[in-house]
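Asks:
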Amino acid sequence: MASHGIKDQVAIVGMGCTPFGEHWNKGTDDLLIDAAEETFASAGIDKDAVDAYWLGTAMSGMSGMALARPLQLHHKPVTHVENFCATASEAIRNAAYAVASGAYDTAMAIGVEKVKDSGYQGLVGAAKTPTDGTGRTLTAAAMFAMCAPGYGKKYGVDEEQMREVLARIAWKNHYNGARNSRAQFKKEVSMETITNAPLMAGGLGVYDCSGVADGSAAAIIVRAEDAHEYTDKPIYIKALALVAGNCSGNADPAYDYTTFPEIAATGRDAYAQAGVTNPREQLAMAEVHDCFTPAELLIYEDLQFAERGTAWKEVLNGTFDLKGDMPVNPDGGLKSFGHPVGASGLRMMFEAWLQLRHEAPEERTIGNDRPLALTHNLGGYPGEMVSFVSILGRELG
Amino acid sequence: MRGIISAAGYVPFRRLERADIAKTFGSGGGKGTRSVASYDEDTTTLGVEAARLARRSTPDGTEIGALWFSTANPAYLDKNNASAIHAALRLDAAVGAADFGGALRSGVSALRTALDGNGCIMTVSSDMRGGLPTSADESQGGDGAAAIVVGSDANGPVIAEYLGAASATEEFIERWRAPGSDRSRAWEERFGEVKYAPLAEQAWNGALKAAELSPDQVDRLIVTGMHARAVRGIAGRLGASKAATAEDLAATVGNTGTAHAALLLTNALETSEAGQVIALVVLADGVTVLLFRTTDAIAAYRPTRSVATQVANGGALAYGKFLSWRGQVTLEPPRRPEPDRISASVSGRSEEWKYAFVGSRDHESGELHLPPARVSRVGDAVDSMDPAPMSEIEGTIALFTVDRIAFSLSPPITFAVVDFDGGGRHPVELTDVDVDALQIGDRVEMTFRKLFTADDIHNYFWKARPVRS
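Quick mapping for you: the protein sequence lines, in order, are chains P and G.
In case it helps, my numbering puts the first sequence at residues 45 to 441.
In case it helps, my numbering puts the second sequence at residues 1079 to 1547.
1) Of all the alpha helix (DSSP H) runs that stay within the bounds of the segment 1285–1372 of chain G, which reach a length of 4 or more residues?
2) Considering only their Cβ atoms, is the gap separating L284/P from S434/P smaller than 8 Å?
3) Just confirm the distance between the C-beta atoms of T175/P and D95/P, as a whole number of angstroms; I'd bet it's less than 8 Å.
4) Just to confirm before moving on: does the CB-CB distance between V1202/G and A1129/G stay below 8 Å?
5) Three or more beta-carbon pairs under 8 Å between the segment 369–385 of chain P and the segment 407–424 of chain P, yes or no?
6) Whole angstroms is fine: what's the gap from V1309/G's alpha carbon to L1358/G's?
7) Checking contacts by CB at 8 Å: is K1287/G closer than that to chain P?
8) In chain P, which residues lie with their C-beta within 8 Å of the C-beta of F1485/G?
9) For V1296/G and A1318/G, which I take to be in contact (beta-carbon distance under 8 Å), what is that distance rounded to the nearest angstrom?
10) Below 8 Å, how does it come out for the segment 1240–1247 of chain G and the segment 1376–1390 of chain G: are there three or more Cβ pairs, yes or no?
11) Among E1127/G, E1095/G and D1118/G, which residue has its Cα nearest to the Cα of S1469/G?
12) Would the beta-carbon of L1347/G fall within 8 Å of that of I1082/G?
13) Tell me, which residues are paired with F1526/G by DSSP?
14) Below 9 Å on C-beta distance, what does N1537/G contact in chain P?
15) I'd like the span of the alpha helix (DSSP H) that includes E443/P, first residue to last.
16) At a CB-CB cut-off below 9 Å, which residues of chain P make contact with H1504/G?
17) Hey, would you say A1532/G sits closer than 8 Å to D1418/G, going by beta carbons?
18) Going along the chain, which residues of the segment 231–254 of chain P sit with their C-beta nearer than 7 Å to a C-beta in chain G?
19) Taking only runs of the beta strand (DSSP E) that begin and end inside the segment 68–155 of chain P, which ones reach a length of at least 3 residues, in chain order?
20) What residues from chain G crowd round P193/P, counting only those whose CB sits closer than 8 Å?
21) Leaving out the 5 sequence neighbours to the left and right, which residues in its chain are closer than 6 Å to Y1117/G when beta-carbon positions are compared?
22) Check whether the segment 1326–1338 of chain G and the segment 1207–1216 of chain G touch, using three or more Cβ-Cβ pairs below 8 Å as the test.
23) Where P1152/G and A1181/G are concerned, what is the direct C-alpha to C-alpha distance, given to the nearest angstrom?
24) How long is the line joining the alpha carbons of I1483/G and G246/P, rounded to whole angstroms?
25) Quick check on the DSSP output: what are the complete alpha helix (DSSP H) runs of length 4 or more inside the segment 196–231 of chain P, in order along the chain?
26) Quick one: which chain P residues come within Cβ less than 7 Å of S1217/G?
27) Going by the CB atoms, is the gap between I1300/G and L1361/G shorter than 8 Å?
28) Compute the Euclidean distance between the alpha carbons of A295/P and Y1538/G, then round it to the nearest angstrom.
29) At least one CB of chain G closer than 8 Å to the CB of Q205/P: is that the case?
30) Which stretch, first to last residue, makes up the alpha helix (DSSP H) that contains N361/P?
31) Note down, in chain order, every chain P residue with its Cβ under 8 Å from the Cβ of K1432/G.
32) Please confirm whether R1307/G and A1324/G have their CB atoms less than 8 Å apart.
33) Among E1216/G, G1222/G, G1284/G and V1272/G, which residue has its Cα nearest to the Cα of D1260/G?
34) Can you find the residues in the same chain that come closer than 7 Å, C-beta to C-beta, to A1115/G, ignoring five residues on each side of it along the sequence?
35) Applying a beta-carbon distance threshold of less than 9 Å, which residues of chain G neighbour G58/P?
36) Check the DSSP bridge columns for L1206/G and list the partner residues they point to.
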């Protein structure tokens, strides 16, 4: 019984990512075609050269035909996967394992979500499973809002300090997003604006919450030994870790909303798979799931970027800024990109792909040249979540 | 001896200042307050709360044999509303549950039928009264419920012996309401006053004769009915001493219609000593008179939460909120999807959880599971659980949050992570709460509420509210 991982067995040789935003003039099919075509071009192949496809979408389609039809794939295996907001990460995880197994030479993972057609604010779940009506009706914003007072109480961060820390996280991500042409929100936002924004849930204002956007992103996976047939700068998969929580957090009196145990577990698993012993020293950057600012704060500690109880100080010190010691969400994160549920995980990898290959624009280039990057993608709520961590690298070994 | 074993009233938390009505519309209103059921309460949930309090005041050995529910404002037609109360109390399937629906008179009629009958019967009466803005029904009405457990010595100590009853019935058009209408209508006042007077005299004399009592032996006189002028007139003409006139809760609660007779009777019992004669005179399409004498057992009787305590623990409600809760005005909802109707079969499978808030406890690890589970979170035992009824267990708020964007019948939603006494945690929605006063560490108790209605199906479940007494 072990999580061996597939370090250095497969590589990403092409990626694409549509702009994220309110695509009133593009449907799910358009977004899939745009992301797929960019990705095929990136790898220098066409759709027939891909042996198998994994489609991630949580609410914009059912079955593999949701991809086979718009792309007009000819007798290809297409698997539809869904794992909450970690759906796109789940797609690449399965595609990577399929190639590593030897079943296929080439696979595509593609994620998409068309969120803005619902007519409602925020994310609207697609599941229509009949229920007894006793389930929680809270929004994710309200659930994550509980982490801020939980953390503050435990580590002695008063309300005013916490407000500044959370605003600083939002400020950083918008600063980065302002330097990204694909982002939904491409403007810097002042600390004052963030702090004084209308409240959405608990102490969280509008700028503490990620936006809602449509988008799609994709990757082509091949065996590592074949990678240079496609590109001089392949990105190797070092680790893929996933946990689906048992939803015990909200029933456990010992749970204090200052950590996400599922995330800590995926972090440990991923570091073991990749042989990472000191993430803060070894990782060039991380893309993490900043659905709400308190989530990003807790993730720093769960993924060992900071000691327990210290991340809030590191935020204020600028550790996680674009040119900081450990840049987090250099592309602007969910804060700047919005969150098309089935696409975000691959959008995160797209930033790692750009930064590790030195293809990020000058104004968004991180301040170190370490060879590893991490992406973290979660789905669910404090106490009950799916968590995914990948580690990618530009060198073998 | 047959009579009353226990009784409880339920007065919802919110109070409307009647003066606010005139401030808004320039007319209507009056002095004092009226009680207002929360946006998530209906006559069934009010009935559940009264029934829970009555059961907690009932001796452990007393087994309820039947549950009778009366209201003039039923949550469902066709479907039996008493069944939801039965489920919330987790009564055995063999215990009967029946609605005495429709008329204001059904409350006192069910009580009299139980007193004249056999076995141990819980009678629950409940109502929400209102009318068009500025109407007397709106300002003078109230919302509330009462539950009275009727039985004989064999069922438990009788705190008030049933001495006898009489009624006088006559068909006349005095107050009426068509099904589905949000307002009652009434004939001009003098007509009802004239019609009620002889009927009251007839029933009063009949009941006193049956009980072999004279009017001056009555220690507590309760006269109630929706016709305020007839009630006032008759109360003064029955021959009881002026000092015997019981509190009518008009200044604080308002008239709770179908429930008011039992609510006032409960209030009288809670303030009576042994050996006192209580007369209950109810004007509703005729007159019904019930007579009781409190017994020595009342000295040892301890109500779980008295009517007076609840009257004293009200919270203010803005008139605009009142109007929106009653559907008289429609407020802009959050731009979120409205909930789908619940599934009958899923609800049926989870009846114990949904209606009675019963979790499960792993008898190996002792870990409480809310909702109940088959596989234990601790120790991983499979199918090793016992039912864990949690509806009467209080808890403490570990964390809470206010959700301004989620769908609610009255936004915003306040949610708390609650740690229950004796172990166990569950995130629950809070109700009857003023958010600004809420703090981590506050004590809460569970309360049966209606979360929403979709496709005319009411979705009942439990919320938590601050402990106020």
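Virtual Cβ for every residue (Gly too), placed ideally from N, Cα, C.
Replies: Straight from the coordinates:
1) 1306–1313 and 1338–1347
2) Indexing the first sequence from 1 puts residue 434/P at position 390. Indexing the first sequence from 1 puts residue 284/P at position 240. Yes, the Cβ-Cβ distance between S434/P and L284/P is below 8 Å.
3) For the purposes of this step, residue 175/P is taken as the residue at position 131 of the first sequence. For the purposes of this step, residue 95/P is taken as the residue at position 51 of the first sequence. About 40 Å separates the two Cβ atoms, so there is no contact after all.
4) Sequence index remark: in the second sequence, residue 1202/G carries index 124 (1-based). Sequence index remark: in the second sequence, residue 1129/G carries index 51 (1-based). Yes; because the gap between Cβ atoms is below 8 Å, this pair is in contact.
5) yes
6) One-based indexing of the second sequence puts residue 1309/G at position 231. One-based indexing of the second sequence puts residue 1358/G at position 280. Cα-Cα distance, rounded: 12 Å.
7) Translated into positions along the second sequence, residue 1287/G becomes position 209. No, K1287/G does not count as interfacial toward chain P.
8) Here residue 1485/G corresponds to residue number 407 of the second sequence, with the count starting at 1. Within chain P, the residues near F1485/G are T181.
9) Taking the first residue of the second sequence as position 1, residue 1296/G is located at position 218. Taking the first residue of the second sequence as position 1, residue 1318/G is located at position 240. Sure, about 4 Å apart at Cβ, within 8 Å.
10) no
11) The residue you call residue 1469/G lines up with position 391 of the second sequence. Taking only the C-alpha atoms, the option nearest S1469/G is E1127/G.
12) Looking up residue 1347/G in the second sequence gives position 269. Looking up residue 1082/G in the second sequence gives position 4. For L1347/G and I1082/G, yes; Cβs fall inside 8 Å.
13) Sequence index remark: in the second sequence, residue 1526/G carries index 448 (1-based). F1526/G is bridged to W1540/G.
14) In the second sequence, the residue the question calls residue 1537/G occupies position 459. Here the neighbours are D176, G177 and T178.
15) In the structure as shown, chain P starts at 45 and stops at 441, and residue 443/P therefore has no counterpart that could be examined.
16) In the second sequence, the residue the question calls residue 1504/G occupies position 426. By Cβ distance, chain P contributes N294 and A295.
17) Locating residue 1532/G in the second sequence gives position 454, counting from the first residue. Locating residue 1418/G in the second sequence gives position 340, counting from the first residue. In contact: A1532/G and D1418/G (Cβ atoms closer than 8 Å).
18) L243, M244, A245 and G246
19) 96–100 and 122–125
20) Translated into positions along the first sequence, residue 193/P becomes position 149. By Cβ distance, chain G contributes L1477 and I1518.
21) Working through the second sequence from its first residue, we reach residue 1117/G at position 39. So the qualifying residues of the chain are W1403, L1487 and S1488.
22) yes
23) Numbered from 1 along the second sequence, position 74 holds the residue referred to as residue 1152/G. Numbered from 1 along the second sequence, position 103 holds the residue referred to as residue 1181/G. Their backbone Cα atoms lie some 10 Å apart in a straight line.
24) Within the second sequence, the letter at position 405 stands for residue 1483/G. Within the first sequence, the letter at position 202 stands for residue 246/P. Answer to the nearest angstrom: the Cα atoms are 11 Å apart.
25) 203–221
26) Counting from 1 along the second sequence, the entry for residue 1217/G is found at position 139. The premise fails here: S1217/G is roughly 34 Å from chain P at the closest Cβ pair, so nothing lies under 7 Å.
27) Within the second sequence, residue 1361/G is the residue found at index 283, counting from 1. Within the second sequence, residue 1300/G is the residue found at index 222, counting from 1. Result no, Cβ atoms of L1361/G and I1300/G do not sit closer than 8 Å.
28) Position 251 of the first sequence holds residue 295/P. Position 460 of the second sequence holds residue 1538/G. So the alpha carbons of these two residues sit roughly 21 Å apart.
29) As a position in the first sequence, residue 205/P is number 161, starting the count at 1. Judged by the 8 Å Cβ criterion, Q205/P is not in contact with chain G.
30) Counting from one through the first sequence, the residue named residue 361/P turns up at place 317. It spans A355 to N361 - the alpha helix (DSSP H) in which N361/P sits, taken as one unbroken run.
31) Sequence index remark: in the second sequence, residue 1432/G carries index 354 (1-based). Those are D176, G177 and T178, listed as they occur along chain P.
32) Sequence index remark: in the second sequence, residue 1307/G carries index 229 (1-based). Sequence index remark: in the second sequence, residue 1324/G carries index 246 (1-based). Cβ atoms of R1307/G and A1324/G: not closer than 8 Å.
33) Residue mapping note: residue 1260/G aligns to position 182 of the second sequence, counting from 1. That would be E1216/G, whose Cα lies nearest to the Cα of D1260/G.
34) Against the second sequence, residue 1115/G aligns to sequence position 37. Excluding sequence neighbours, A1115/G sits near P1090, L1124, M1206 and D1221.
35) One-based indexing of the first sequence puts residue 58/P at position 14. Ordered by position in chain G, no residue passes the 9 Å Cβ test against G58/P, which lies about 38 Å from the chain.
36) Residue 1206/G sits at position 128 when you count from the first residue of the second sequence. Per the sequence presented here, residue 1206/G reads as Met, with Leu not at that position. Answer by DSSP bridge pairing, in chain order: D1221/G.
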